[in-house]
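Residue numbers (the numbering used here), protein chains in the order written: chain A, 31 to 278; chain B, 26 to 352. Ideal placement from N, C-alpha and C gives every residue a C-beta, glycine not left out.
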Ligand SMILES: Cc1cc2nc3c(=O)[nH]c(=O)nc-3n(C[C@H](O)[C@H](O)[C@H](O)COP(=O)(O)OP(=O)(O)OC[C@H]3O[C@@H](n4cnc5c(N)ncnc54)[C@H](O)[C@@H]3O)c2cc1C
Ligand SMILES: Nc1ncnc2c1ncn2[C@@H]1O[C@H](COP(=O)(O)O)[C@@H](O)[C@H]1O
């Protein structure tokens with residue numbers, strides 16, 4: 031079975047966000063990067079699927095050379111080979127998806143795993159764009175996945191409840207938290223990752239559609255009002271909620 | 026060259042157009058007025074035909090409807106394929122939908138099939154000359170990103186509970202029942218099983234009022250205090266990750282960066298410290314109440330109203346007095 035997993039790095043979720051000099055992106059100083067947490071779930075699911083059915087896993091990222099450390103992490107987790115594509119200029123999700131779709135056409139995977147979203151820009155776009163461009167059936171918000179006799183079963187968990195989808199291969203699956211517990215990697219895995227092949231490619235010429243014009247910090251919320259202490263504060267709280275906030 | 030019209034994508038579920046529908050229609054109307062175009066709708070769901078004409082009351086000119094048993098459960102591939110027929114029929118400048126889970130699934134499918142730019146989860150949206158401009162929260166609400174899509178057609182999804190719902194008036198839309206047989210035939214992926222969420226329970230992302238509990242509740246056996254307050258308020262129950270990870274509450278109730286993003290009118294944080302990852306999921310709530318015994322808890326910096334106290338005392342008192350109020 032040929033399995034692909036689309037991964038990218040994001041600033042660590044603990045990063046204190048400041049606005050960069052261009053006014054459109056975050057201040058890069060002091061930012062440390064991690065693999066997008068949802069992509070760790072995607073990698074784990076890809077590797078487990080390989081372990082169950084045989085085959086190989088290729089990780090693909092559209093990012094600059096700085097992303098090598100994060101690609102190594104994917105390789106350490108059990109991915110076999112990796113492709114890094116330089117991002118098109120001013121890439122947006124549509125351009126990223128275009129670059130991924132192009133690479134995936136060569137790979138010809140049976141299953142493509144993605145995260146449901148990247149936690150920095152929370153765009154929820156790339157996986158379903160890729161699937162649509164490749165005319166591949168796709169499910170997102172997936173918390174359970176299995177494949178038997180060429181049929182994939184994926185359970186999506188959303189506010190609608192749980193829905194189980196059945197699809198022939200190839201299929202694209204974007205995973206939700208809860209699908210698995212990503213494995214920890216040890217020194218041996220990290221050493222092994224160093225020997226695995228990384229194919230680096232130039233940026234494809236794909237124009238972006240969405241331009242970021244500004245990044246701003248949200249207005250500071252002015253400190254809350256302490257209504258009072260203990261049960262004695264309850265009547266006043268209710269009065270404020272009704273009369274001042276008009277929320278009841 | 027697309028028309029000046031706006032196509033509103035609406036979900037029909039549980040016998041009605043979902044709650045986000047009027048919010049989408051309100052913005053569709055406003056933006057169509059700016060463009061000097063009409064509002065059309067694509068309404069999908071089993072039984073949707075019956076609700077389509079009434080969309081005229083929201084200023085919808087034509088309602089394209091995908092209604093067959095195959096639309097009973099959400100199947101993104103199928104809905105996107107049917108939506109394509111509606112898009113082809115009216116050639117809209119803007120396709121607008123709600124950033125609910127189905128909307129987050131559907132938006133990029135439609136955008137990719139139109140080769141269009143997509144603005145996801147917008148909290149502000151406008152037409153500026155020939156371009157679409159929008160603002161969207163990023164970095165778990167720690168920043169707001171302004172974006173611009175220069176070339177039409179545009180696709181955009183709006184964050185639920187942020188925009189005012191349009192009021193229904195009188196009037197009938199022209200109903201165009203789409204023949205979905207071709208779409209059904211082409212869709213390789215099928216829905217095999219559905220386990221809808223428990224009915225009667227208010228869904229978190231759609232709730233007007235949410236009562237969330239955290240580790241301050243001390244154990245799952247005390248969460249009835251949160252549930253009772255929620256019931257008195259007609260609210261949904263939420264939880265912090267600490268209590269979800271501890272197995273006290275299901276993941277579906279988790280609010281925050283790795284849980285759900287909510288923006289209700291009223292949010293109660295009970296025994297929740299206010300960690301940045303929790304705040305990421307609820308900071309856009311219109312009114313926030315915090316109950317915490319630690320006056321230094323960071324949730325108080327965010328809360329509109331704080332009560333310093335023990336949840337074991339404050340919650341029952343609150344529940345009782347709200348019941349009396351609502352009598
Ligand atoms: C990558 C990442 C993602 C995360 N995602 C999320 C997420 O999506 N959602 C989320 O919630 N968290 C998330 N977290 C976890 C987050 O950092 C906090 O650990 C978590 O929110 C804390 O939950 P809590 O407020 O219930 O518990 P605590 O921080 O332990 O706070 C308990 C609070 O209860 C108060 N208290 C105790 N007893 C009482 C009492 N009797 N009466 C009143 N108050 C009392 C205490 O003063 C304290 O403030 C994430 C963390 C990481 C690293
Ligand atoms: N630059 C990228 N390279 C590879 N995969 C990506 C990239 N951007 C997004 N993805 C994939 O798409 C998912 C959703 O990302 P997004 O649409 O940006 O929220 C991620 O979890 C990845 O699986």
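Problem - residue 140/A vs residue 32/A beta-carbon contact at 8 Å - result: Yes. Within cutoff.
Problem - Residue burial classification, residue 135/A (beta-carbon count within 10 angstroms, cutoff 16) - result: Exposed, because fewer than 16 other Cβ atoms sit within 10 Å of the Cβ of residue 135/A.
Problem - residue 298/B Cβ short of 7 Å to ligand 1 heavy atom set - result: Remark: the C-beta of residue 298/B is in contact range of ligand 1, defined as less than 7 Å to any heavy atom.
Exercise for the section: Check whether the Cβ of residue 130/A lies closer than 7 Å to any heavy atom of ligand 2, and answer yes or no. Expected result: Because some heavy atom of ligand 2 lies under 7 Å away, the Cβ of residue 130/A counts as near it: yes.
Problem - the stretch 46 to 62 of chain B / the stretch 158 to 176 of chain B touching (three or more Cβ pairs under 8 Å) - result: With the cut-off at 8 Å, the stretch 46 to 62 of chain B and the stretch 158 to 176 of chain B do not touch.
Exercise for the section: Write down the C-beta distance between residue 267/A and residue 314/B rounded to the nearest angstrom, noting that I regard them as a contact closer than 8 Å. Expected result: By a beta-carbon distance limit of 8 Å, residue 267/A contacts residue 314/B. Their separation comes to about 7 Å.
Exercise for the section: Please specify which runs of the beta strand (DSSP E), each continuous and at least 3 residues long, are wholly inside the stretch 92 to 127 of chain A, giving them in chain order. Expected result: Within the stretch 92 to 127 of chain A, the complete beta strand (DSSP E) segments of 3 residues or longer fall at 111 to 115, listed in chain order.
Problem - Proximity below 8 Å, CB of residue 301/B to CB of residue 263/B - result: Contact: no.
Handout entry: Minimum Cβ-Cβ distance from residue 172/B to chain A less than 8 Å
Key = Yes, because at least one Cβ of chain A sits closer than 8 Å to the Cβ of residue 172/B.
Exercise for the section: State yes or no: is the C-beta of residue 162/A within less than 8 Å of the C-beta of residue 141/B? Expected result: No, these two residues do not count as a Cβ contact at 8 Å.
Problem - Any residue whose CB is nearer than 7 Å to a heavy atom belonging to ligand 2, listed in chain order - result: In chain order, the qualifying residues are 36/A, 37/A, 38/A, 66/A, 68/A, 69/A, 72/A, 90/A, 91/A, 92/A, 93/A, 117/A, 123/A, 126/A, 130/A, 144/A, 145/A, 146/A, 147/A, 148/A, 151/A, 152/A, 153/A, 154/A, 155/A, 156/A, 157/A and 204/A.
Exercise for the section: Please name the residue, chosen from 32/B, 47/B and 352/B, that lies closest to residue 110/B on a Cα-to-Cα basis. Expected result: Closest option to residue 110/B, Cα to Cα, is 32/B.
Practice task
Measuring only between beta-carbons, confirm whether residue 159/A sits less than 8 Å from chain B.
Solution key: At least one CB atom of chain B sits nearer than 8 Å to the CB of residue 159/A.
Exercise for the section: Below 7 Å CB to CB, which residues in the same chain sit around residue 203/B once its five sequence neighbours on both sides are set aside? Expected result: Within the same chain, and ignoring the five residues on either side of residue 203/B in sequence, the residues whose Cβ sits closer than 7 Å to its Cβ are 89, 90, 91, 107, 110 and 111.
Practice task
Under 8 Å Cβ to Cβ from residue 131/B, same chain only, skipping five residues before and after it: list those, please.
Solution key: Taking C-beta separations shorter than 8 Å and ignoring five residues to either side along the sequence, the partners of residue 131/B in its chain run 34, 101, 104, 105, 108 and 122, following chain order.
Exercise for the section: Helix, strand or coil for residue 67/A, going by three-state DSSP, please let me know. Expected result: Here residue 67/A sits in helix by DSSP.
Handout entry: Residue span of the beta strand (DSSP E) that contains residue 152/A, given as start and end
Key = Careful: residue 152/A lies outside any beta strand (DSSP E) and carries neither H nor E.
Handout entry: Spatially closest choice to residue 71/A from 254/A, 247/A, 209/A and 113/A, by CA coordinates
Key = Closest option to residue 71/A, Cα to Cα, is 209/A.
Handout entry: First through last residue of the alpha helix (DSSP H) which encompasses residue 46/B
Key = Taken as a continuous stretch (DSSP letters only), the alpha helix (DSSP H) holding residue 46/B covers 45 to 60.
Handout entry: As assigned by DSSP and simplified to three states, the class of residue 191/B
Key = Three-state result, residue 191/B: coil.
Problem - Cβ-based neighbour list, residue 106/A, same chain, cut-off 6 Å, excluding 5 preceding and 5 following - result: Only 215, 219, 220 and 223 meet the Cβ criterion.
Handout entry: residue 265/B beta carbon near ligand 1 (any heavy atom closer than 7 Å)
Key = Correct: residue 265/B has its Cβ closer than 7 Å to ligand 1.
Practice task
Enumerate, from N- to C-terminal direction, the unbroken beta strand (DSSP E) stretches of 3 or more residues contained entirely within the stretch 89 to 133 of chain B.
Solution key: Taken in chain order, the complete beta strand (DSSP E) segments of 3 or more residues contained in the stretch 89 to 133 of chain B are 119 to 123.
Problem - Exposed unless 16 or more other CB atoms sit within 10 angstroms - verdict on residue 247/A - result: When all chains shown are included, residue 247/A counts as exposed.
Problem - Close Cβ partners of residue 167/A (< 6 Å) along its chain, the five nearest in sequence each way excluded - result: Beyond the five residues adjoining it in sequence on each side, residue 167/A comes within less than 6 Å, by CB distance, of 197 and 201 in the same chain, given in chain order.
Exercise for the section: Would you mind stating whether residue 156/A and residue 184/A have Cβ atoms separated by less than 8 Å? Expected result: In this structure, residue 184/A does not lie closer than 8 Å to residue 156/A by Cβ.
Handout entry: Assumed close pair residue 316/B, residue 339/B - CB separation to whole angstroms, cut-off 8 Å
Key = Their Cβ separation, rounded to whole angstroms, is 5 Å, which keeps residue 316/B and residue 339/B in contact under 8 Å.
Exercise for the section: Report all residues from its chain with a CB closer than 7 Å to the CB of residue 195/B; omit the five preceding and five following residues, and keep chain order. Expected result: Closer than 7 Å at the Cβ level, and outside the excluded window around residue 195/B, lie 82.
Problem - residue 279/B, enclosing beta strand (DSSP E) - first and last residue - result: Neither: residue 279/B is in no beta strand (DSSP E) and is coded neither H nor E.
Practice task
Please report how far the alpha carbon of residue 109/A lies from the alpha carbon of residue 194/A, in whole angstroms.
Solution key: Cα to Cα, the separation comes out at about 27 Å.
Problem - Segment limits, beta strand (DSSP E) that includes residue 163/B - result: Its beta strand (DSSP E) spans residues 156 to 163.
Practice task
Would you kindly work out how many angstroms separate the C-alpha atoms of residue 77/B and residue 40/B, rounded to a whole number?
Solution key: Each residue's Cα considered, the two are about 12 Å apart.
Handout entry: Pairwise C-alpha distance: residue 328/B and residue 282/B
Key = One Cα belongs to residue 282/B, the other to residue 328/B, and the distance between them is close to 18 Å.
Problem - Sheet register partners of residue 285/B (DSSP bridge) - result: Note: residue 285/B sits in a beta bridge opposite 280/B.
Exercise for the section: Indicate, with yes or no, if ligand 1 has a heavy atom lying under 7 Å from the CB of residue 318/B. Expected result: In terms of side-chain proximity, the C-beta atom of residue 318/B is found nearer than 7 Å to a non-hydrogen atom of ligand 1.
Practice task
Starting from residue 312/B, find everything on chain A with Cβ-Cβ shorter than 8 Å and list it in chain order.
Solution key: Correct list: 271, 275 and 277.
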